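In what follows, a single structure is set out as structure tokens and then discussed.
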Amino acid sequence: MITDVFCKILNGELKADVVYKDDDFWVIKDINPQAPVHLLIVPIRHFLNIEDFHKDEELLGKALIVADKVAHKQGLKNGYRLIINEGDHGGKLVPHFHIHLLGGKRLGPKLVKE
Ligand code: AMP
Numbered sequence: 015m016i017t018d019v020f021c022k023i024l025n026g027e028l029k030a031d032v033v034y035k036d037d038d039f040w041v042i043k044d045i046n047p048q049a050p051v052h053l054l055i056v057p058i059r060h061f062l063n064i065e066d067f068h069k070d071e072e073l074l075g076k077a078l079i080v081a082d083k084v085a086h087k088q089g090l091k092n093g094y095r096l097i098i099n100e101g102d103h104g105g106k107l108v109p110h111f112h113i114h115l116l117g118g119k120r121l122g123p124k125l126v127k128e
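Going by my numbering, the sequence shown opens with residue 15, and the numbers climb by one from there.
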């Protein structure tokens, strides 16, 4: 059985601050925000990574549409940043595909910190 932290949130085992839900995605507030707005776009079905979407490419595209919709709902009219951490070198911690949505201030020019 898959028991990553996002599955637990989606199953109701763990609480989260959910800002958006539809049939395919939940968007939750990151527990350790790195910007004034830091949300996570999480598919309800368990996908480990981008490769896992090879039969569901439309759903992967929908994740971006959901992110943009939520960004507008959050009032991020001056822009936002989307990040996907993949694998060990990418710094992925939770083994359940998700997209970080960051905004609410002018973000630094660098994608990575040392
Ligand atoms: P990543 O490195 O892309 O796997 O990032 C996982 C993210 O999930 C981190 O930014 C964590 O702060 C966040 N996170 C971990 N546990 C929770 C939780 N219970 N609720 C909300 N966000 C979480």
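Positions of the beta carbon are idealized from the N, C-alpha and C atoms, including for glycine.
Because the structure is a prediction, the values reported are computed rather than measured.
Member of the options whose CA lies at the smallest distance from the CA of residue i
i: Ile113; options: Lys76, Lys22, Lys91, Pro123; result: Lys76
i: Tyr34; options: Leu53, Glu72, Asn99; result: Leu53
i: Glu100; options: Phe61, Tyr94, Asn92, Asp70; result: Phe61
i: Ile16; options: Lys124, Ile97, Phe111, Gly122; result: Phe111
i: Gln48; options: Arg95, Asp66, Asp70, Asp37; result: Arg95
i: Asp12; options: Asn63, Leu90, Glu71; result: Nothing about residue 12 can be read from this structure; the chain reaches only from 15 to 128.
Same chain, Cβ closer than 7 Å to residue i, five either side skipped, listed in chain order
i: Val108; result: Asp18, Val19, Phe20
Residue i CB to nearest heavy atom of ligand 3 below 7 Å
i: Leu74; result: Of the ligands this structure carries, namely ligand 1, none is ligand 3.
Ligand 1 heavy atom lying under 7 Å from the CB of residue i
i: Lys106; result: yes
i: Ala30; result: yes
i: His112; result: yes
i: Leu54; result: yes
i: Ile16; result: no
Residue i: first and last residue of the uninterrupted alpha helix (DSSP H) it sits in
i: Lys87; result: 71-87
Other residues of its chain near residue i: CB distance less than 6 Å, five sequence neighbours each side excluded
i: Val41; result: Val33, Tyr34, Leu53, Ile55, Val84
i: Gln88; result: Val51
i: Ile98; result: Ile113
Contact set for residue i: own chain, Cβ-Cβ below 8 Å, skip 5 residues either direction
i: Asp44; result: His52, Leu53, Leu54, His114
**Q.** Contact the region 23-34 vs the region 112-120: 3+ CB pairs below 8 Å
**A.** Verdict: no, contact absent.
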